[in-house]
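Beneath this line is the structure, given in structure tokens, with notes to follow.
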Amino acid sequence: MVGSMITNAIRRSTRAGRKLLAMRATYRMQRYLFIYLTIGIPLLYFFVTRLVPIVYSFSISVREWDILSRSKPYVGLANYASLFADEAFRKSLANTFLFVAVGIPGQLAVGLAVALLLQGTTKLRGFFRTVYFIPYVTSIVAVSWVFRWLLMPNGWVNEQLLNLGLPAQLFLQSPHQAPYVVILAMIWQSLGFQMLIFITGLEGIPKMYYEAAHIDGATAWRRFRHITIPLLNPVILFSAVIAGISYLQAFAHIVSMTQDGGPLNSTRTLVYHIYKLAFKSFDMGSAAAATVILFAIILAFTLLQLRILNRKVDY
Amino acid sequence: MKSSLAVPAKLSTILAVTAALLAACGGNGGNNAEGAASSPLGSSGSSASPASSAASKDEGQEKVTIEYWQYEYPAKVSLIDELIKQFEAQNPNITVKQTNFPYDQYNEKVATLVPAGKGPDVINLYYGWLPKYVSSGFLQPLPESAFPASEIERDYYPLVSAAKIDGSYWAIPTAVRTLALFYNKDLFAKAQIGQPPATWEELVDDALKLTQKDAKGQFVVEGLAWEPGAQLHHWYRDGLLPQAGGQDLSEDRRRVLWADSPAGLEAFQYLIDFAVKHKVGTTGVFTDDATAFKTGHAAINIDGSFRLGSLKTDAPDLNYGIAPLPSYKNKSVPSSFWANAIPANVSGAKLEAATKFLQFLTSQEVQEQWVEKVGELPAQKAVATQDKYLNDEKLGAFISQLDNSKAHFFIDETAERTLFVDATNEVLRNHVPVDKAFADLVSKTQKLYDDYWAKADGK
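Here it is in structure tokens:
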């Protein structure tokens, strides 16, 4: 207030004041310039490395883009048409939805269960957290190979099943079991991350709600249903989106655990199919078309999740 | 409370949308994940050999530098380094620079670096990739003056004709590989079998005798390692099928002839029976066929000469022998090769130098060094049939089969393999009748060919 009065006084009376004002304006401009530059550089980077390739891949998807060939003729929507005529692509699309439909609820449920259990304990909490977190920081290839070994037709798991008098299972060799085995491995590996997110979310819920509910005689289930779940909603949303994207992009586990997305394409996902199209069949046009489809799916999926899960909670 | 909740909700909205954008881009570059996942070698290695510039000073000619690309296989890389030194000593005006990429990223690297103007002058390619490379206009035919087709056909084993497309040769190998029957001598002795099987029938009998299972029916020893995705699909196309009297492709390579005679189904049934009827081996036990054999859990494996090296290092104590593939009505053995080719954009002095280097790589002395250092078989008859190789305990069986060698003309190696593996899995896992799975396999493979030729004819 005093500052502005002085400024006004100066502005009215002296030339030196006008000079001072100009200096302040340049100082302000410099500050803005600095701020916009700081934001602008990463934005430019993002633009060049992310947005431009997205737009570019749209252009590739309407061309016959043989990776080694010089001519890349425009073919309209032919790549999209041939994709949908391709059985393996349709299968990979269906598998991707299966991964999402089973993977996300599975990962959230297991992560939340572990987080709730860990919140209930006081002893060895750090130890358990570390144990659960270790798979997340372990190499996917190493984990995949351990699973592969354990689940071999004559592997350790089948040995235990046979010892218990149960029939041996094919696991990764079976087109019916293999996708679930891969999903389980993915859930197991991301459990630590999921748990951590949920623990943080749970710790953010004020204790007094639970105490009040307890005094009112609410059962543990009702407290969970009406306090924990609604207040965890933003965390659940975040987890669901992140998990959804990881299942939509399932790739590394498939490469390491299965033989070529098999048996019978049962574990071939969209991203794996894209990889095969682009770098094994050199067909960049079809690969880009599949990428555009994946982009559309992820966008739709995210918007849908936002709509369903992003309801505000009032208390 | 409302405000404290609103903030994370908004934050997660922003995160979610950002994540979606990132995700879409990630999908675009699916190869990143592959690089991280499957190859710890990751980055490409490049090793330039020291130029022998001292020798070239007094020559008036201009110096030429050419680049040689091959995949990362330690024995091959170090031998090529050695060979470059020899070549540069003979040709002081030419400098050769070797660049290597991990095997599973090889095509990706070629595809991304070549449009950026960083192409090779001589490139080493798997023969099964040649049709793709040729039809996309990446290669030029070998100069007819230096490599006349008639000479190639006279001196080289017939399998090399897989590199002949549209009447010209596009690549020429230093060495070739064939499949043979690897057998574990200790397990054979235990089962009291004196000789490795020589016929289809003997193979079945021996495999049955050699198979060991525990009380619960789990494999302890596979009589015959059975992995269609490894070498067995090759065994079918260029081994079992012609052995039964069938034909692989029509003369013009447009039609798949597997179903044109009963031999095709007979051979397919024979292959399937090992897993389904005789139950002497199956997929995925002991990880894969090569591991099962290395660890003494497979008595017989159909594998290639390229396995000799890793058997030597990984299982030095394994007591094994190598025999020609069992035969039926005819003899035939699957074979394959890596061949050197010249990209289309190489011209002038570089083309001359590249041709010279290629001639050097296919010379007798290089082929001999190649056998000794890499273990692959000489591609030229005269070199391979020397006594020192024919009488070699390990190499002999491979070389003796070269006269009957065939190399299927792949238009898309991975796709053709996948179709074959799928057909076996339909029978094995989904209990589809063998004849139906076979008919399906033939029609799907034919479709691959139809699509390829439709594209090739359109150009």
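Chains as they are written, first to last, in the working numbering: chain A, 8 to 322; chain B, 110 to 568. Here a beta-carbon is modelled for each residue, glycine too, at the ideal position from N, C-alpha and C.
Counting only beta-carbon separations shorter than 8 Å, does residue i have a partner in chain B?
i, result
"A:P182", "yes"
"A:L123", "no"
"A:M159", "yes"
"A:G269", "yes"
"A:L311", "no"
"A:L179", "yes"
"A:S6", "Examination of residue 6 of chain A is not possible in this model, given that chain A is present from 8 through 322 alone."
"A:I74", "yes"
"A:F289", "yes"
"A:L266", "It is worth fixing the name first, because residue 266 of chain A is Gln in this sequence and not Leu. Cβ-Cβ to chain B under 8 Å: yes for A:Q266."
"A:F65", "no"
"A:K283", "yes"
"A:L105", "no"
"A:R97", "no"
"A:L169", "yes"
"A:R230", "no"
Does any residue of chain C bring its CB to less than 8 Å from the CB of residue i?
i, result
"B:Y242", "Absence of chain C from the displayed structure is noted, the protein chains being A and B."
Please determine, among the options, the residue with the shortest C-alpha to C-alpha distance to residue i.
i, options, result
"B:T308", "B:S441, B:P337, B:K299, B:A284", "B:S441"
"A:P160", "B:D397, B:Y242, B:K172, B:V231", "B:D397"
"B:P229", "B:Y212, B:Y235, B:V243, B:L248", "B:L248"
"B:N202", "B:T174, B:L222, B:P211", "B:T174"
"A:Y143", "A:L209, A:R232, A:Q196, A:M264", "A:Q196"
"A:F308", "A:M264, A:M215, A:T103", "A:T103"
"A:L277", "A:I46, A:A95, A:W72", "A:A95"
"B:G226", "A:R77, A:R229, A:M36, A:T56", "A:R77"
"B:N216", "A:P80, A:K283, A:Y52, A:L311", "A:K283"
"B:F328", "A:Y216, A:L244, A:W163, A:P241", "A:W163"
"A:M202", "A:V188, A:G292, A:Q126, A:G268", "A:Q126"
Quick one: does residue i have its CB under 8 Å from some CB of chain A?
i, result
"B:R346", "no"
"B:K325", "yes"
"B:D423", "no"
"B:N539", "yes"
"B:N216", "yes"
"B:P523", "In the sequence on display, residue 523 of chain B carries Thr and not Pro. Yes, because at least one Cβ of chain A sits closer than 8 Å to the Cβ of B:T523."
"B:F247", "yes"
"B:D566", "no"
"B:V394", "yes"
"B:D549", "no"
"B:D531", "yes"
"B:E535", "yes"
"B:F383", "no"
"B:A129", "Confidence at B:A129 is low in this model, with a pLDDT of 45, below 50, so its placement is unreliable and no value can be given for it."
"B:T204", "no"
"B:G226", "no"
"B:Q328", "Residue 328 of chain B is actually Phe in this sequence, not Gln. It does: the Cβ of B:F328 has a partner Cβ on chain A nearer than 8 Å."
Looking at residue i: is its Cβ nearer than 8 Å to the Cβ of residue j?
i, j, result
"B:A220", "A:I234", "no"
"B:K241", "A:F289", "yes"
"B:G390", "B:G332", "yes"
"B:A506", "B:P433", "yes"
"B:A372", "B:G354", "yes"
"A:Y87", "A:A296", "yes"
"B:V516", "B:S445", "The sequence shown places Ala at residue 516 of chain B, rather than the Val named in the question. Yes, the pair counts as a contact, with Cβ atoms nearer than the cut-off."
"B:A283", "B:L470", "The sequence shown places Thr at residue 283 of chain B, not Ala. In this structure, B:L470 lies closer than 8 Å to B:T283 by Cβ."
"A:A122", "A:L209", "yes"
"B:W279", "B:P250", "yes"
Just to check my reading of the structure: residue i and residue j have Cβ atoms closer than 8 Å, yes? What is that Cβ distance to the nearest angstrom?
i, j, result
"B:S419", "B:R286", "Actually they do not touch by this definition, with Cβ atoms about 13 Å apart."
"B:T533", "B:P337", "4 Å"
"B:D412", "B:A399", "7 Å"
"B:A448", "B:I281", "6 Å"
"A:P182", "A:S273", "4 Å"
"A:I304", "A:L255", "7 Å"
"B:L234", "B:A450", "6 Å"
"B:V385", "B:V536", "6 Å"
"B:F529", "B:G237", "Not confirmed; about 13 Å, so no contact."
"A:V109", "A:Y187", "7 Å"
Inset, instruction - Count the C-beta pairs between the region 406 to 418 of chain B and the region 293 to 304 of chain B that are closer than 8 Å, then say yes if the count reaches three, no if not. - result: Per the Cβ contact rule, the region 406 to 418 of chain B is in contact with the region 293 to 304 of chain B (3 or more Cβ pairs under 8 Å).
Inset, instruction - Count the CB pairs spanning the region 453 to 466 of chain B and the region 268 to 279 of chain B that are closer than 8 Å, and state whether there are at least three. - result: Judged by Cβ distances under 8 Å, the region 453 to 466 of chain B makes no contact with the region 268 to 279 of chain B, as fewer than three pairs qualify.
Legend entry - Segment contact, 8 Å Cβ cut-off, at least three pairs: the region 259 to 275 of chain A with the region 242 to 251 of chain A: Because the criterion of three Cβ pairs below 8 Å is not met, the region 259 to 275 of chain A and the region 242 to 251 of chain A do not touch.
Inset, instruction - Kindly confirm or deny that the region 181 to 199 of chain B and the region 473 to 484 of chain B touch, where touching means at least three C-beta pairs closer than 8 Å. - result: Yes, they touch.
Inset, instruction - Inspect the CB distances between the region 521 to 533 of chain B and the region 164 to 172 of chain A and report whether three or more fall short of 8 Å. - result: Counting Cβ pairs under 8 Å, fewer than three are found: no touch.
Inset, instruction - Answer yes if the region 172 to 192 of chain A comes into contact with the region 216 to 230 of chain A, meaning at least three C-beta pairs across the two stretches below 8 Å, and no otherwise. - result: Contact fails: fewer than three Cβ-Cβ distances are below 8 Å.
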